[in-house]
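2 protein chains.
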Amino acid sequence: MSEPGDDDAGSSADRMARIALTWLAEPGNRSMWSLVQSHGAPATLERLLNGDEPETAAAAIARAKANGFDPQQVADAALHRAERFGARLVVPSDEEWPERVNELATLETGRPGRLDQDTRPPLCLWVRGSWPLAETLHRSVAITGAHASTPYGVTVALDIVSGLCAKNWTVVAGGGFGIDTAAHRTALAEGGRPVAVLACGVDRPHPVGNAALFEQIAETGLLVSEWPPGFEPLRHRFLIRNRLTAAATVGAVLTEASPRSAAIQLMHRALSLRRAAMVVPGPVTSVMSAGCHELLRSHPATELVTGPADVLKALARPGRHDSAPEQRHGSLDPESAQVLQAVQQHGTATPESLATRTGLPLRTVLRRLPLLELAGLVQRTDNGVIAANRPS
Amino acid sequence: MSEPGDDDAGSSADRMARIALTWLAEPGNRSMWSLVQSHGAPATLERLLNGDEPETAAAAIARAKANGFDPQQVADAALHRAERFGARLVVPSDEEWPERVNELATLETGRPGRLDQDTRPPLCLWVRGSWPLAETLHRSVAITGAHASTPYGVTVALDIVSGLCAKNWTVVAGGGFGIDTAAHRTALAEGGRPVAVLACGVDRPHPVGNAALFEQIAETGLLVSEWPPGFEPLRHRFLIRNRLTAAATVGAVLTEASPRSAAIQLMHRALSLRRAAMVVPGPVTSVMSAGCHELLRSHPATELVTGPADVLKALARPGRHDSAPEQRHGSLDPESAQVLQAVQQHGTATPESLATRTGLPLRTVLRRLPLLELAGLVQRTDNGVIAANRPS
Chain A
1 MSEPGDDDAG SSADRMARIA LTWLAEPGNR SMWSLVQSHG APATLERLLN
51 GDEPETAAAA IARAKANGFD PQQVADAALH RAERFGARLV VPSDEEWPER
101 VNELATLETG RPGRLDQDTR PPLCLWVRGS WPLAETLHRS VAITGAHAST
151 PYGVTVALDI VSGLCAKNWT VVAGGGFGID TAAHRTALAE GGRPVAVLAC
201 GVDRPHPVGN AALFEQIAET GLLVSEWPPG FEPLRHRFLI RNRLTAAATV
251 GAVLTEASPR SAAIQLMHRA LSLRRAAMVV PGPVTSVMSA GCHELLRSHP
301 ATELVTGPAD VLKALARPGR HDSAPEQRHG SLDPESAQVL QAVQQHGTAT
351 PESLATRTGL PLRTVLRRLP LLELAGLVQR TDNGVIAANR PS
Chain B
393 MSEPGDDDAG SSADRMARIA LTWLAEPGNR SMWSLVQSHG APATLERLLN
443 GDEPETAAAA IARAKANGFD PQQVADAALH RAERFGARLV VPSDEEWPER
493 VNELATLETG RPGRLDQDTR PPLCLWVRGS WPLAETLHRS VAITGAHAST
543 PYGVTVALDI VSGLCAKNWT VVAGGGFGID TAAHRTALAE GGRPVAVLAC
593 GVDRPHPVGN AALFEQIAET GLLVSEWPPG FEPLRHRFLI RNRLTAAATV
643 GAVLTEASPR SAAIQLMHRA LSLRRAAMVV PGPVTSVMSA GCHELLRSHP
693 ATELVTGPAD VLKALARPGR HDSAPEQRHG SLDPESAQVL QAVQQHGTAT
743 PESLATRTGL PLRTVLRRLP LLELAGLVQR TDNGVIAANR PS
């Protein structure tokens, strides 16, 4: 098994392959991500184009081939287009890669279905704006809520964002109208560094009515997307994008949402990732607060917040900002948890000894170790694997 | 040790003494209640007037004596006045006594202070209205909230009370303006049986503006008070009264309250008694919802409710309406809990054997057993004490 971050990590071949793979499957695709973990991006691309992985993205590859898909060409075009817009590509081996998003490697949604297949870490990120991505996201909070927000929701969002900016927290939101827009505008007004995580290329203003806002964000903060320039904001991409917002931040605040809002799905991602999941209550007579109340009622891990003071308190709680490894096991799949436990019971363990101790096939152990390493739960040494002292 | 409910229980001497004792200490007074538990009401009255219990209510007795206090006379006058208003006296040995209020015997508030001394069960109750008290309160819910309620709070209270009346729940509230009034008016409109628990005599309309409402309640439902007719609604009595409302009902709903509202204190009583403590959220921008949010944030046992459906669900939860003994230990003081545990580990135990097993003085065991019996947690048999199968 080759290791993730092979010799070619960060090379132009690696970067090119990561871009090209986005044409073959949506970001977060489990099979694709596992292949890249095992073989690296260039070899994965080669295997796919050679038909060595018939199970993975077969239809997409067939389509791509029929259209005369040329990886180098699409990557070059994307990079060229990005350059025109002052955007850059960030890959996992880059210094500004936000390590926190790697925790998606261990996300268990517990729900089958199309969208819950696309929950793995991103292969690469496109960024517009001059701040380093990791540093900007280090102390960051997602603000989410309805596009059809009421004056109440906007007022509350303004209040919370102001309070977060005053304490130098980065505010992260989508690009939609309503709460997203209110969050960014307030962050701009307060001299903060707004980050908009988009479900389309960073060169595509969507909604068009926010075009001027996106320009301001690109100048003052960051526009971030997993999709290459030019990619369209398809409906399902907003939900795929939400996992990234949840993973990239320390916690998420839900201000207003109807029960079936996409903002609720973002909160579920935050809960699965053990992020601070903060919810603003509202009038029980308002349908735009019904989703908030439903979440507060059904998930004991959510926290009711009434303003910036409550939010800052929730973020300051131990285990939030620098969560201890013990507190993150809950989001591990059972096999990873078994492997981790076996690692923690030894000084240094080899994969073979872990297989013996856990009763799992060596192959399974070898698949789980990179995930645990990415999540900052184990470290590799020359002699084998040891438990990590602290998360990366 | 004499048992509570001696031969004289329910006799005219017992009734007279219980009325007269109200002149010597506020309802719920711990020392007074303990004496009545140990000696019965008539003997307690005698001991107090003889000066045999100098520690208890000494100042009040001195004052009473100075004023030529005549127990028979004050009791006769109170009964006479009650009769004029169609009110009756209900004592613990009466069939319509609401057994649930006896659980106040084991209430631990965990907070020292003047008011938290007055938390024991009532010695007697004054009732106006034709329904039997116990039956009326059997399926009952307290509605509480600010007197200075907003239209939002009133709207929500109306909605919840309507839903409760539709399912034949009795609605219990105080007599104040705002939420109390809204609850009673809605119950009347919905054909329910409103119960107003007052902090003064049932013949005294307070506030006077609600005089007509009290008449309607007396005709359709019940007016209830621990204070004899003519007694004034002193400030501290509202807080003493709240423990009765909490104990008499299956659960309490807080609709709107500022953080220092008396309604919050009622909710704390409900929590201490392990009643369903249901709280309606509201706009975080409204100070009248700030108390609700504070309670929801600080007490995990509170339940966020958004309307009648949520309230009915909370009331239907196992352990609510007929709570199992196991679920009630949490409200016991440590010594009572020790004694109970020792009882549960034996078939039949004598007080002496319980003292040996628990390491507590026999005197302490003898004091705790009546409380546990009242709370329906132990039963006395000819051979000793056994654990109760189910609460009384």
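Chains A and B supply the protein sequences, listed in that same order. Numbering follows this note's numbering, with no gaps: position 317 of the first sequence is 317. Counting from 1 along the second sequence, just add 392 to a position and that's the residue number in this note's numbering. Even for Gly, the Cβ is constructed at its ideal location relative to N, Cα and C. Note that the coordinates shown come from a computational prediction; the quantities given were computed from them, not determined experimentally.
For residue i, count the other beta carbons within 10 Å of its own beta carbon; 16 or more makes it buried, fewer makes it exposed. Which is it?
i	result
B:Glu418	buried
B:Thr694	buried
B:Lys559	exposed
B:Gly443	exposed
B:Gly460	exposed
A:His80	exposed
A:Arg193	buried
A:Ala211	exposed
A:Pro431	In this structure chain A extends from 1 to 392, so residue 431 of chain A is not present and cannot be described.
B:Pro692	exposed
B:Ser617	buried
B:Gly545	buried
A:Glu352	exposed
A:Arg235	exposed
A:Gly347	exposed
A:Pro71	buried
Report all residues from its chain with a CB closer than 6 Å to the CB of residue i; omit the five preceding and five following residues, and keep chain order.
i	result
B:Gln771	Ile778, Ala780
B:Ala401	Ser485
A:Ala13	Pro42
B:His685	none
A:Ala199	Pro233, Arg237, Phe238, Arg241
A:Ala349	Val343, Gly384, Val385
Should residue i and residue j be called a contact, given that it needs their Cβ atoms to be closer than 8 Å?
i	j	result
A:Gly86	A:Gly221	no
B:Ile411	B:Val466	yes
A:Leu223	A:Ala196	yes
B:Gly601	B:Ile571	no
A:Gln117	A:Arg30	yes
B:Gly683	B:Ser728	no
B:Pro700	B:Asp551	yes
B:Thr641	B:Ala574	no
B:His598	B:Phe569	no
B:Glu527	B:Ser554	no
A:Leu296	B:Leu605	no
With a CB to CB cut of under 7 Å and the five nearest residues on each side skipped, what residues in its chain are close to residue i?
i	result
A:Ala247	Arg100, Val101, Glu103, Leu104, Leu273
B:Glu718	Reliability of the predicted coordinates at B:Glu718 is poor, the pLDDT of 37 falling under 50, and the value obtained from them is presented with this limitation in mind. For B:Glu718, where only same-chain residues beyond five positions count, there are no Cβ hits under 7 Å.
A:Leu371	Ala105, Thr106, Ser336
B:Arg661	Asn634, Arg635, Ala638
A:Met16	Pro71, Gln72, Ala75
In the DSSP output, which residue or residues are listed as bridge partners for residue i?
i	result
A:Ile19	In DSSP, A:Ile19 forms no bridge with anything.
A:Val127	A:Arg88, A:Val224
B:Ile778	B:Gln771
A:Asp118	A:Asn29
B:Leu696	B:Val671
A:Thr170	A:Ser140
B:Ala588	B:Ala565, B:Leu615
A:Ala252	A:Ala142, A:Ala277
A:Ala13	For A:Ala13, which the question treats as bridged, DSSP gives no partner whatsoever.
A:Ala349	A:Val385
Could you give the first and the last residue of the continuous beta strand (DSSP E) run that contains residue i?
i	result
A:Arg380	378–381
A:Thr144	140–144
B:Val731	Run containing B:Val731: none in the beta strand (DSSP E); it sits in the alpha helix (DSSP H), 726–736.
Got a sec? Which residues, its chain only, sit under 8 Å from residue i by beta carbon, not counting five neighbours each side?
i	result
B:Thr542	Glu648, Ser678, Met680
A:Arg328	Only weak support exists for where A:Arg328 lies, its pLDDT of 41 falling under 50; the coordinates are left without a value.
A:Leu315	Val141, Trp169, Val250, Gly251, Ala276, His321
B:Asp736	Reading the sequence as shown, one finds Gln at residue 736 of chain B and not Asp. Answer for B:Gln736: Ala779, listed in chain order.
B:Cys557	Val563, Thr578, Ala579, Glu582, Gly583, Gly584
A:Gly230	Ala78, Arg81, Gly201, Asp203, Arg204
A:Leu133	Val90, Glu96, Trp97, Pro98, Leu125, Val127, Leu222, Val224
For the alpha helix (DSSP H) containing residue i, name the first residue and the last one.
i	result
A:Gly163	151–166
B:Ser681	679–690
B:Leu658	654–664
B:Arg439	433–442
A:His184	179–189
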